[in-house]
Amino acid sequence: MSRTNPNILLVDDDTDLLKLISMRLVSAGYQVRTAENAENALSITEIAPPALVITDLKMPGMDGMQLFEMLQQRHPTLPVIILTAHGTIPDAVAATARGVYGFLTKPFDSQELLEKVEAAMRLSSGVVLSADDGEGNKWRQDIITCSPEMEDLLRQAHLAADTNASILIDGEPGTGKELLARAIYRASRRSDKPFITINCGALPNDLLDAELFGRKADKHGNNAVQGAFQAANGGTLFLDEIGDMPLSLQVKLLRALQEQKVMPVGASVSVPVDVRVISATYRNLKEVLDANKFREDLFYRLSVVSLHLPKLTDRREDIPLLVRHFLSQLSSEYDKKVSSIAPEAMDMLTAASWPGNIRQLACVIEQAFTLSTASVIPTVLIQKALREETDSMPTFTDARRAFERDYLVRLLKMTGGNVARASIKANRNRTEFYKLLQRNNLNLALFKNPRRINKI
Ligand SMILES: Nc1ncnc2c1ncn2[C@@H]1O[C@H](COP(=O)(O)OP(=O)(O)OP(=O)(O)O)[C@@H](O)[C@H]1O
Ligand SMILES: [Mg+2]
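Sequential numbering of the sequence shown, starting at 574, is according to my numbering.
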């Protein structure tokens, strides 16, 4: 599609009107494609995105407004003009407040139509969402945003993706650090090689050592661990919660990064590796540095490129977009049609404080979605979900840790501290089971002596 001959998608269930408007647009030099319903329009947009969509508001099945909302999720910059009959003007005004480019009241004259179309084209500056664009943006397709600050960040991320530079991503919990790390990996030349994640805060020192750098088999040929660096060879290693890494291992990590070689636990010869490191932290690493809990030399090594994810309250414009995104994900996952939320509820979400950022927003929407029996989620359900989230919900990580510990305590009580039996019941091998015990600070001896169990 060329700039001089932009493509317009026209959607109306009235075929006579489709023909009439097409003729006018074609004679003005535009290419026109038509769809008699919104569902077809969506398919056409997926195959070859147009430069502008003009749609009727009232149509059987999905209406013009729902079509706009679906389009906005997939192509936030695609302008949409809505055609309305006289009586639906208030709806159309509300629609422009939600981001529709403009509306035309039927019957309209050709001049008015062409002026509106030209203005919309100027706004999108003739930049067409070509199929190429879609491909080129595939790496970031999971990151839903319309925030200029995020766009800036994504531009930097894309530039950095192409290099081998170490990247440090920081941001509050739930802001999408891991999502961004995966996107960078997808955009990089290493995308056909492994992406390995290690959570540096979840393992005790010696286990983290082996998980990162590997462990040589013991003299019986057992307990060898490959290590994340070797598993990620040629690809990308994502070091999550890097701020929690113990100081003693920081030295070893620094050496591995400098020399591109790792020394497995128990080995005497180092192994060459080719690994790109992306790390993430919810802590302010500068503060951790000042408290002498993080090595400065390692910090500089890890943060050749440093990317800061803004918190959700600094990009509130993303909230409606994210809400629609989560709703459409949930609707298709559970085959239950919930298309939107009450406008008042949307206002509430946009104004909320979001300490858990996007992860928390996703939880609120999921809860309201689950309880909703209507296709538009009522305000009370959002109110309830927001209250519960802010009042009593622990973070997912805390909830998972609490569950893990309770489960292990019950299992060990049941088996009297017998690891062989307990690990079979948990369907974990013994090494993994010992790791779980260590991570939860559980002392086996206590379970073998029933009188001491109450102390746990
Ligand atoms: N821009 C976004 N668009 C869509 N989904 C997002 C976006 N940002 C985050 N999410 C979703 O929110 C959840 C949290 O994201 P992620 O795990 O990447 O955050 P995080 O910063 O690593 O969180 P934590 O600090 O808790 O580990 C995930 O389910 C992710 O898919
Ligand atoms: Mg994370």
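In this text, a Cβ means the ideal position worked out from N, Cα and C, and glycines have one as well.
Neighbourhood of residue i by C-beta, 8 Å cutoff - its chain only, sequence neighbours within 5 removed
i      : result
ARG874 : SER739, LEU827, LEU830 and GLN831
LEU858 : LEU741, ASP743, ILE815, GLY816, PHE867, PHE872 and SER876
GLU724 : THR718
SER821 : ASN778
ILE617 : LEU582, ARG606, ALA608 and PRO623
Close beta carbons around residue i, own chain, < 6 Å, minus the five adjacent residues each side
i      : result
PRO951 : ALA915
ASP743 : THR854 and HIS881
ARG897 : GLU642 and GLN646
SER879 : LEU741
VAL861 : GLY816 and PHE867
SER945 : VAL911 and LEU954
ALA601 : LEU687
GLY637 : THR628, ASP629, LEU630 and ILE655
SER852 : LEU741, LEU812, ILE815 and LEU875
Nonlocal neighbours in the same chain, by C-beta distance under 7 Å from residue i, ignoring five residues either side
i      : result
ALA999 : LEU984 and PHE1006
LEU895 : ILE717, ILE931 and LEU934
THR607 : LEU583, LEU591 and SER595
GLN639 : ALA611 and SER912
SER948 : LYS910, VAL911 and SER912
THR770 : PHE811 and ASP813
ARG713 : LEU727 and ALA756
Identity of the residues DSSP links to residue i by a beta bridge
i      : result
ASN772 : ASP813
ARG849 : THR809
THR970 : Paired residues: none, contrary to the question.
VAL896 : VAL896 pairs with nothing; no bridge assigned.
ILE757 : The partner list for ILE757 (beta bridge, DSSP) is empty, contrary to what the question assumes.
ILE740 : ILE851 and VAL878
VAL992 : Paired residues: none, contrary to the question.
LYS834 : PRO845
Check: residue i C-beta below 7 Å from any heavy atom of ligand 1
i      : result
THR748 : yes
ARG770 : With the sequence shown as reference, residue 770 is identified as Thr, and Arg is not the correct amino acid for it. The answer is no for THR770.
THR718 : yes
ARG856 : no
ALA925 : no
LEU564 : Residue 564 is absent from the structure shown; the chain starts at 574 and stops at 1029.
ARG889 : no
HIS898 : yes
ALA668 : no
GLY989 : no
ALA975 : no
ARG932 : yes
GLY537 : Beyond the ends of the chain as shown, which are 574 and 1029, falls residue 537; an answer cannot be given.
ALA853 : yes
Local conformation of residue i per DSSP, three classes
i       : result
GLN546  : It is not possible to answer for residue 546, since the shown part of the chain is limited to 574 through 1029.
LEU1015 : coil
ASN930  : helix
LYS766  : coil
LYS998  : helix
ASN580  : strand
THR748  : coil
VAL949  : strand
LYS913  : Checking the sequence, you will find Ser at residue 913 rather than Lys. DSSP places SER913 in strand when its eight states are reduced to three.
ASP586  : coil
THR718  : coil
ASP705  : Below a pLDDT of 50, predicted positions are generally treated as unreliable, and ASP705, at 37, falls in that range; no measurement from the model is reported.
ALA924  : helix
ASP735  : coil
SER698  : For SER698, the predicted model reports a pLDDT of 45, less than 50, meaning its position is unreliable and no value from the coordinates is stated.
ASN710  : coil
ASP908  : coil
ALA730  : helix
ALA840  : coil
beta-carbon residue i near ligand 2 non-hydrogen atom, thresh 7 Å
i       : result
ASP971  : no
ALA756  : no
ALA915  : no
ASP1040 : With the chain running from 574 to 1029 in the structure shown, residue 1040 is simply not present.
GLU751  : yes
ASP715  : no
ALA829  : no
ALA730  : no
ALA783  : no
ASP813  : yes
ALA775  : no
ALA935  : no
Worksheet entry | Contiguous alpha helix (DSSP H) assignments of at least 4 residues, all confined to the stretch 606-694 | For the stretch 606-694, whole alpha helix (DSSP H) runs of length 4 or above, ordered along the chain, are 611-620, 637-647 and 662-670.
Worksheet entry | 3 or more residues per run - each beta strand (DSSP E) lying fully within the stretch 782-832 | List check, beta strand (DSSP E) in window: 809-813.
Worksheet item: Which full runs of the beta strand (DSSP E) of 3+ residues lie inside the stretch 856-890, going along the chain?
Response: For the stretch 856-890, whole beta strand (DSSP E) runs of length 3 or above, ordered along the chain, are 878-881.
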